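Protein chains: 2
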Amino acid sequence: MISVVLLGAGNVATHIYKAFSNSENISVTQWYNRTRASISSYANDVDITDQLEALKEADIYIMAVSDDSIAQLSSDLPFTDRFVVHTSGSVAMHDLDKKNKIGVFYPLQTFSKTAEIDFTEVPICIEVYEKENLQLLKDLAKAVGCKPHKITTEQRQTLHLAAVFVNNFTNQLYRIGHEICETKNIEFQILHPLISETAKKIQQMSPYMAQTGPAKRNDKKTIKRQLKLIEKDEHEAIYKMLTSSIKKTHNISSDYKVKR
Amino acid sequence: MISVVLLGAGNVATHIYKAFSNSENISVTQWYNRTRASISSYANDVDITDQLEALKEADIYIMAVSDDSIAQLSSDLPFTDRFVVHTSGSVAMHDLDKKNKIGVFYPLQTFSKTAEIDFTEVPICIEVYEKENLQLLKDLAKAVGCKPHKITTEQRQTLHLAAVFVNNFTNQLYRIGHEICETKNIEFQILHPLISETAKKIQQMSPYMAQTGPAKRNDKKTIKRQLKLIEKDEHEAIYKMLTSSIKKTHNISSDYKVKR
Ligand SMILES: NC(=O)c1ccc[n+]([C@@H]2O[C@H](COP(=O)([O-])OP(=O)(O)OC[C@H]3O[C@@H](n4cnc5c(N)ncnc54)[C@H](OP(=O)(O)O)[C@@H]3O)[C@@H](O)[C@H]2O)c1
Ligand SMILES: NC(=O)c1ccc[n+]([C@@H]2O[C@H](COP(=O)([O-])OP(=O)(O)OC[C@H]3O[C@@H](n4cnc5c(N)ncnc54)[C@H](OP(=O)(O)O)[C@@H]3O)[C@@H](O)[C@H]2O)c1
Chain A
1 MISVVLLGAG NVATHIYKAF SNSENISVTQ WYNRTRASIS SYANDVDITD QLEALKEADI
61 YIMAVSDDSI AQLSSDLPFT DRFVVHTSGS VAMHDLDKKN KIGVFYPLQT FSKTAEIDFT
121 EVPICIEVYE KENLQLLKDL AKAVGCKPHK ITTEQRQTLH LAAVFVNNFT NQLYRIGHEI
181 CETKNIEFQI LHPLISETAK KIQQMSPYMA QTGPAKRNDK KTIKRQLKLI EKDEHEAIYK
241 MLTSSIKKTH NISSDYKVKR
Chain B
1 MISVVLLGAG NVATHIYKAF SNSENISVTQ WYNRTRASIS SYANDVDITD QLEALKEADI
61 YIMAVSDDSI AQLSSDLPFT DRFVVHTSGS VAMHDLDKKN KIGVFYPLQT FSKTAEIDFT
121 EVPICIEVYE KENLQLLKDL AKAVGCKPHK ITTEQRQTLH LAAVFVNNFT NQLYRIGHEI
181 CETKNIEFQI LHPLISETAK KIQQMSPYMA QTGPAKRNDK KTIKRQLKLI EKDEHEAIYK
241 MLTSSIKKTH NISSDYKVKR
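Taken in sequence, the protein lines are chains A and B.
The numbers in UniProt numbering rise by one with no breaks, and the one at position 16 of the first sequence is 16.
The numbers in UniProt numbering rise by one with no breaks, and the one at position 20 of the second sequence is 20.
Quick look at the structure:
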């Protein structure tokens, strides 16, 4: 049985709490948040506190708090030589105060309080400073059915960067698709099956192999027609940049010029 | 029972053939392709031909051929006053020769011969020149379990443009994520669950509501750190453009400047 004290009560902490408290091999000893109100509804299920001084002993302290507050909160912990990890994709492990043993437990997924997540599908990127704690973090991930991946700080930050492209930027392309539909009174929902399929396809083949469309086909007529159809300069700039990026990837010479 | 002659043997025609031949309310009278070899393996199941002169009578002729060949092939058809549709997202309905009755049956999905598709989930965008054929196209879509959407040519071309953003451009962002992972020897597969979840999320809330990440949070420190981590100028330009697009969408002032 791995005992855990959880710090923070945001998107990540809430999902971690739910997954951990359903695991037979993890006991959540205590849940801390500086604002007690956010966790008070769990008071019947778990020991809750808003006092750092009241923190109990545990095998692991998981700090799922805002990136900017990780360093300070880790210094404020009123104990030493225990095992403290954060859950951030971008904060360095060494931002954690070294009076404790330190590590990272980064769940590579997008969490919001409302959306249900199958936590067992979440890859957990782990990092430790003291090697003896590696197995503990691996066991913790496995205790909730997740696959642990041992990575370096540089790899984690690189993954976080890649995640921004495939998650935040992709979502912005969905947003642009939504805007384009709205201008002509088309329901964005019509695009849902296409969006699902696009994401599903690359689970079976590489994105390189999966590419289709006018840029990949070097279909200049369609590209020209679509550029004329675009109403916002910002959309036009993104269209041109990503079209030329696709052409570069697939070694197609980029020679279209369009007068509007 | 709706009788159909299918023309073309590419990605779309192959999926249409499979879905139609499984429907109780559709009979595929004949399958034409200029290259007989591509359909000869179906000769036991359906009447096949590579001769336009041999085309039989049917309620609908579906031309699932390359965009550039639609106009010419429709003129080459050796009959008049029958009902001929194409399946393109971007070709105008009026490119079809008006010696026949004309329309469009555009399946809004990405097809490749290898990837299985649940055809019943594919939205079908339909357009007709002669109103009396509207019901027939609707019935055809419903006969394979699809939802028909009556739209105008302009709406179809707008949808096709939006599809390029949410499908082709999104796939290119996956490709960039893949490239970024490769530079640091990280398996791209670690990002699969995040990619699925990103696509799933907008089926429950708008892309506007679903947005997260450093640009949305206006987290300048992370943006700066990530820009330093990017190795390719092309990725940097896309990062900056989409970051500023997210900021614009969410009314965040775009004031970061980065020296490299
Ligand atoms: N959201 C994701 O998709 C995701 C995915 C992977 C990793 N992460 C990482 O997980 C961590 C938490 O993210 P989140 O999305 O859960 O954040 P969040 O929802 O914004 O929650 C932030 C939590 O941090 C607490 N906090 C903020 N400043 C604090 C301070 N100065 N002292 C003590 N506690 C403080 C907040 O307490 P109050 O309740 O009192 O405000 C809140 O409980 C971050 O490192 C983030 O990078 C997030
Ligand atoms: N792929 C998609 O994801 C998708 C989605 C929605 C709509 N569409 C539209 O559906 C149509 C077909 O696309 P596809 O992806 O199936 O294309 P494809 O796989 O490239 O197949 C093209 C077909 O057109 C035939 N063809 C090409 N030039 C011809 C000519 N001059 N005369 C007669 N036949 C000719 C080809 O015959 P051969 O076998 O002899 O070469 C082949 O059967 C296009 O209008 C496309 O815009 C495609």
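C-beta atoms are modelled at their ideal positions from N, C-alpha and C, and glycine is treated no differently.
Note that the structure is predicted; figures quoted are calculated from it, not measured.
Check distances from the C-beta atoms of the segment 159 to 170 of chain B to those of chain A and list, in chain order, the residues that come in under 7 angstroms. Leu159, Leu161, Ala162, Ala163, Val164, Phe165, Val166, Asn167, Asn168, Phe169, Thr170
In the DSSP assignment, the beta strand (DSSP E) including Ser74(B) goes from what residue to what residue? For Ser74(B), there is no enclosing beta strand (DSSP E); the residue is part of the alpha helix (DSSP H) that begins and ends at 70 to 76.
At the level of alpha carbons, what is the spacing between Arg167(B) and Ile195(A)? Residue 167(B) is actually Asn in this sequence, not Arg. Going from the Cα of Asn167(B) to the Cα of Ile195(A) covers about 6 angstroms.
Could you tell me whether the Cβ of Val122(B) comes closer than 8 angstroms to any Cβ of chain A? yes
Which same chain residues, not among the five before or five after Lys138(B), have their C-beta less than 6 angstroms away from its C-beta? Pro148
Within 8 angstroms, strictly: CB atoms of Leu173(A) and Thr170(B): Contact flag set, yes.
Contacts that Lys248(A) makes with chain B (C-beta to C-beta distance below 8 angstroms): Glu234
Could you check whether Ile190(A) and Leu161(B) sit closer than 8 angstroms to each other, using their CB atoms as the reference points? no
Local conformation of Gln30(B) per DSSP, three classes: Strand at Gln30(B).
Ordered along the chain, which non-local residues of its own chain (more than five positions away) have a Cβ less than 6 angstroms from that of His178(A)? Phe188
I'd like to confirm something about Gln109(B): is its beta-carbon nearer than 7 angstroms to some heavy atom of ligand 2, or not? yes
Check the C-beta distance from Ala143(A) over to Asn25(A) and give it rounded, since I have them as a contact under 8 angstroms. 4 angstroms
Pop quiz: Asn100(A) and Thr80(A) are said to be a contact at Cβ under 8 angstroms. What is the actual Cβ separation, rounded to whole angstroms? 6 angstroms
Cβ-Cβ distance between Val28(A) and Ser21(A) below 8 angstroms: yes
Straight-line CA distance for Ala71(B) to Ala92(B)? Looking at the two C-alpha atoms, the distance is approximately 10 angstroms.
So which residues on chain A does Gln203(B) lean against when the C-beta distance must stay under 7 angstroms? Here the neighbours are His192.
Which residues in chain A have a C-beta closer than 8 angstroms to the C-beta of His94(B)? List them in chain order. Result: empty, since nearest Cβ-Cβ is about 14 angstroms, beyond 8 angstroms.
What are the partner residues of Ser3(B), as DSSP defines its beta bridges? DSSP output for Ser3(B) lists Ser27(B) as bridge partner(s).
Is it buried or exposed for His15(A), if we count other Cβ within 10 angstroms and need 16 for buried? It counts as buried.
State yes or no: is the C-beta of Asp97(B) nearer than 7 angstroms to some heavy atom of ligand 2? No.
What do you get for Glu127(A), buried or exposed, if any count of 16 or more other CB atoms within 10 angstroms of its CB means buried? buried
From the DSSP output, which residues share a beta bridge with Pro148(A)? Ile124(A)
Hey, Gly103(A) and Ala163(A): beta-carbon distance below 8 angstroms or not? No, the pair does not count as a contact, with Cβ atoms beyond the cut-off.
Suppose only complete runs of 4+ residues qualify. What are the alpha helix (DSSP H) ranges in the UniProt domain "DUF2520" (122 to 245) of chain B, listed by chain order? 134 to 143, 153 to 163, 170 to 183, 192 to 201, 207 to 210, 214 to 217, 220 to 229
Does the beta carbon of Tyr174(A) sit closer than 8 angstroms to a beta carbon anywhere in chain B? yes
Extent of the continuous beta strand (DSSP E) run through Phe83(B): 83 to 86
Strictly by DSSP, which residues pair up with Val104(B)? Beta-bridge pairing links Val104(B) to His86(B), Glu127(B).
Please check if any C-beta of chain B sits within less than 8 angstroms of the C-beta of Ile126(A). no
Can you tell me where the beta strand (DSSP E) with Ile39(B) in it begins and where it stops? Ile39(B) -> no beta strand (DSSP E), and no H or E assigned at all.
Taking the DSSP output, what are the residues bridged to Ile62(A)? Leu6(A), Val85(A)
Give a yes or no on whether the C-beta atoms belonging to Ile186(A) and His235(A) are separated by under 8 angstroms. no
How is the alpha helix (DSSP H) around His15(B) delimited, first residue to last? 11 to 21
Under 8 angstroms, Cβ to Cβ, is there at least one residue of chain B near Gln226(A)? Chain B contact via Cβ: present.
What I want to know is whether the C-beta of Ser196(B) ends up closer than 7 angstroms to one or more non-hydrogen atoms of ligand 3. No copy of ligand 3 occurs in the structure displayed; its ligands are ligand 1 and ligand 2 alone.
In chain B, what lies closer than 8 angstroms to Ile230(A) by C-beta? Ordered by position in chain B, the residues that pass the 8 angstroms Cβ test against Ile230(A) are Leu161.
Considering only C-alpha positions, which residue in the set Ala58(A), Thr120(A), Gln157(A) is nearest to Met1(A)? Ala58(A)
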